[in-house]
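A.B. asks: Numbering (our numbering), first residue to last: 4 to 298.
Where is the CB? At the ideal position from N, CA and C, for every residue including glycine.
Predicted, not measured: the structure shown is a model, and the values here were computed from it.
What follows is a structure written as structure tokens; I'll ask about it next.
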């Protein structure tokens with residue numbers, strides 16, 4: 004049992020890590036080993052699929068237990084489960100419509116979704132063109148003229164053509180995605196902006212020379228991103244000798260292009276070295292916290 008829980012995962016991790024390192028540094032002389040760079044990511048996708056399924060079952064079980072025990076916030080769990088099952092059902096149904104609906108042919112009638120997929124109109128299929136990559140471009144014509152009596156003809160992709168039932172399902176899915184998910188996401192990021200502003204205020208308190216330099220640089224960058232920066236720069240142009248060098252926008256661009264870019268590169272290099280170090284520790288079994296141990 005210990006072999007399955009500890010030794011076997013360590014062996015798989017070690018072999019997989021070494022193979023990927025060798026495959027990355029191997030050249031055209033070793034084409035079979037080099038091809039593993041493309042094969043292994045496909046395995047990762049399969050593993051990620053299983054982890055998503057496991058995560059979904061864990062989410063469902065946890066929230067069902069929370070609802071059954073009526074723990075604090077169990078009402079939010081109901082909303083979560085309703086949204087989870089609703090979007091999953093709509094996604095699976097709308098994604099499998101082509102297997103159950105009639106084939107798209109000339110002179111047939113379908114519902115054509117708008118580009119935002121929030122509305123649909125009834126159209127007639129006029130012609131079907133096959134592209135070089137095997138795709139299809141459909142020329143459709145509105146079945147019902149507009150109020151002026153005009154009939155519009157346009158080219159659309161096959162994914163925008165649905166049967167009446169499937170068009171309603173797709174529109175409902177898009178309404179929930181755009182109206183609920185994206186709106187909630189925008190609200191969350193808007194609230195995070197206040198936390199960032201609060202954290203910035205605490206970070207920019209001038210308690211040392213470094214904090215003063217940080218505050219001065221941040222002030223110049225923020226001033227250079229608003230129209231007020233141009234107005235301030237014009238007020239300084241009358242100063243002799245140095246007036247032309249006090250352009251806030253130019254100074255802001257210099258700060259971002261040189262000191263800020265250099266600091267970001269240093270941070271990125273340090274992060275990559277830490278990433279390599281952590282990866283080697285996991286490959287060689289030094290770090291074992293991912294197996295449930297203390298590492």
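1. From residue 90 to residue 230, what distance separates their C-alpha atoms?
2. So, is residue 225 buried or exposed, given that buried needs 16 or more other C-beta atoms within 10 angstroms?
3. With a threshold of 8 Å on Cβ separation, who are the neighbours of residue 147 within its own chain once the five nearest residues in sequence on each side are excluded?
4. Could you check the C-alpha separation between residue 11 and residue 54 for me, to the nearest Å?
5. Taking just the CA atoms, how far does residue 178 sit from residue 189?
6. Whole-angstrom Cβ separation of residue 316 and residue 287, contact assumed at under 8 Å?
7. What does residue 139 pair with, by DSSP beta-bridge criteria?
8. Could you give the first and the last residue of the continuous alpha helix (DSSP H) run that contains residue 179?
9. Could you tell me the alpha carbon to alpha carbon distance between residue 294 and residue 21, rounded to whole angstroms?
10. Alpha carbon to alpha carbon, what distance is there between residue 249 and residue 258?
11. Would you mind sorting residue 273 into buried or exposed? The rule is 16 or more other CB atoms within 10 Å of its CB.
12. Beta carbon of residue 156, beta carbon of residue 129: below 8 Å?
13. Within the same chain, show all residues whose beta-carbon is closer than 7 Å to that of residue 298, passing over the 5 residues directly before and after it, in chain order.
14. Within 10 angstroms of the Cβ of residue 208, are there 16 or more other Cβ atoms? Answer buried if so, exposed if not.
15. Provide the residue(s) that pair with residue 124 in DSSP beta bridges, ordered along the chain.
16. In the DSSP assignment, find the unbroken alpha helix (DSSP H) run with residue 69 in it and report its ends.
17. Taking 8 Å as the cut-off, does the stretch 79 to 86 touch the stretch 130 to 145 (at least 3 CB pairs, one atom from each stretch)?
18. Report the option in 202, 43 and 171 whose CA atom is closest to the CA atom of residue 15.
19. Hey, quick one: how far does the beta strand (DSSP E) through residue 255 stretch, first residue to last?
20. If you measure between the beta carbons of residue 120 and residue 174, is that distance less than 8 Å?
21. I need the straight-line Cα distance from residue 284 to residue 40, nearest angstrom please.
22. Between residue 144 and residue 154, how many whole angstroms is the CB-CB distance? I'm expecting something under 8 Å.
23. Please work out which residues of its chain come closer than 8 Å, Cβ to Cβ, to residue 180, disregarding the five sequence neighbours upstream and downstream, and give them in chain order.
C.D. replies: Here's the rundown:
1. In the chain shown, the residue the question calls residue 90 occupies position 87. In the chain shown, the residue the question calls residue 230 occupies position 227. Distance between the alpha carbons of residue 90 and residue 230: 44 Å.
2. Stepping through the chain shown from its first residue, residue 225 is reached at position 222. Exposed is the call here.
3. Residue 147 sits at position 144 when you count from the first residue of the chain shown. Listed in chain order, the non-local C-beta contacts of residue 147 below 8 Å within the same chain comprise 124 and 125, local neighbours out to five positions each way being set aside.
4. As a working note, residue 11 is residue 8 in the chain shown. As a working note, residue 54 is residue 51 in the chain shown. Approximately 19 Å, taken between the alpha carbons.
5. Start at 1 with the first residue of the chain shown, and residue 189 comes out as number 186. Start at 1 with the first residue of the chain shown, and residue 178 comes out as number 175. When rounded, the separation of the alpha-carbon atoms in residue 189 and residue 178 is 15 Å.
6. Here the chain comprises residues numbered 4 to 298, so residue 316 is not present and cannot be evaluated.
7. One-based indexing of the chain shown puts residue 139 at position 136. Bridge partners of residue 139: 133.
8. Taking the first residue of the chain shown as 1, we reach residue 179 at position 176. Run containing residue 179: 167 to 179, per the alpha helix (DSSP H) assignment.
9. The count along the chain shown starts at 1 and reaches residue 294 at position 291. The count along the chain shown starts at 1 and reaches residue 21 at position 18. Rounded to whole angstroms, the gap between the alpha carbons of residue 294 and residue 21 is 19 Å.
10. The residue given as residue 258 occupies position 255 in the chain shown. The residue given as residue 249 occupies position 246 in the chain shown. Residue 258 and residue 249 have their C-alpha atoms roughly 13 Å apart.
11. On the chain shown, residue 273 is found 270 positions in, with the first residue counted as 1. Exposed, by the Cβ-count rule.
12. Taking the chain shown and counting its residues from 1, the one referred to as residue 156 is at position 153. Taking the chain shown and counting its residues from 1, the one referred to as residue 129 is at position 126. One thing to note: residue 156 has its Cβ within 8 Å of the Cβ of residue 129.
13. Taking the chain shown and counting its residues from 1, the one referred to as residue 298 is at position 295. Model confidence at residue 298 stands at a pLDDT of 49, short of 50, so the residue's coordinates are unreliable; what they give is reported in the following sentence. Excluding residues within five positions, the ones whose Cβ falls inside 7 Å are 290, 291 and 292.
14. Taking the chain shown and counting its residues from 1, one reaches residue 208 at position 205. By the neighbour-count definition (other C-beta atoms within 10 Å, threshold 16), residue 208 is an exposed residue.
15. Locating residue 124 in the chain shown gives position 121, where the first residue counts as 1. Per DSSP, 115.
16. Here residue 69 is taken as the residue at index 66 of the chain shown, counted from 1. For residue 69, the enclosing alpha helix (DSSP H) has its first and last residue at 39 to 72.
17. Contact between the stretch 130 to 145 and the stretch 79 to 86 is absent, because fewer than three Cβ pairs lie under 8 Å.
18. To locate residue 15, count along the chain shown from 1; it is residue 12. That would be 43, whose Cα lies nearest to the Cα of residue 15.
19. Residue 255 sits at position 252 when you count from the first residue of the chain shown. No beta strand (DSSP E) contains residue 255, which is instead part of the alpha helix (DSSP H) from 251 to 258.
20. Mapped onto the chain shown, residue 120 falls at position 117. Mapped onto the chain shown, residue 174 falls at position 171. Taking the C-beta atoms as reference points, residue 174 is found nearer than 8 Å to residue 120.
21. Walking along the chain shown from the start, residue 284 turns up at place 281. Walking along the chain shown from the start, residue 40 turns up at place 37. Cα atoms of residue 284 and residue 40: separation of roughly 21 Å, rounded to the nearest angstrom.
22. To locate residue 144, count along the chain shown from 1; it is residue 141. To locate residue 154, count along the chain shown from 1; it is residue 151. Residue 144 to residue 154, Cβ: 6 Å. Contact.
23. In the chain shown, counting from the first residue as 1, residue 180 sits at position 177. Here the set comprises 90.
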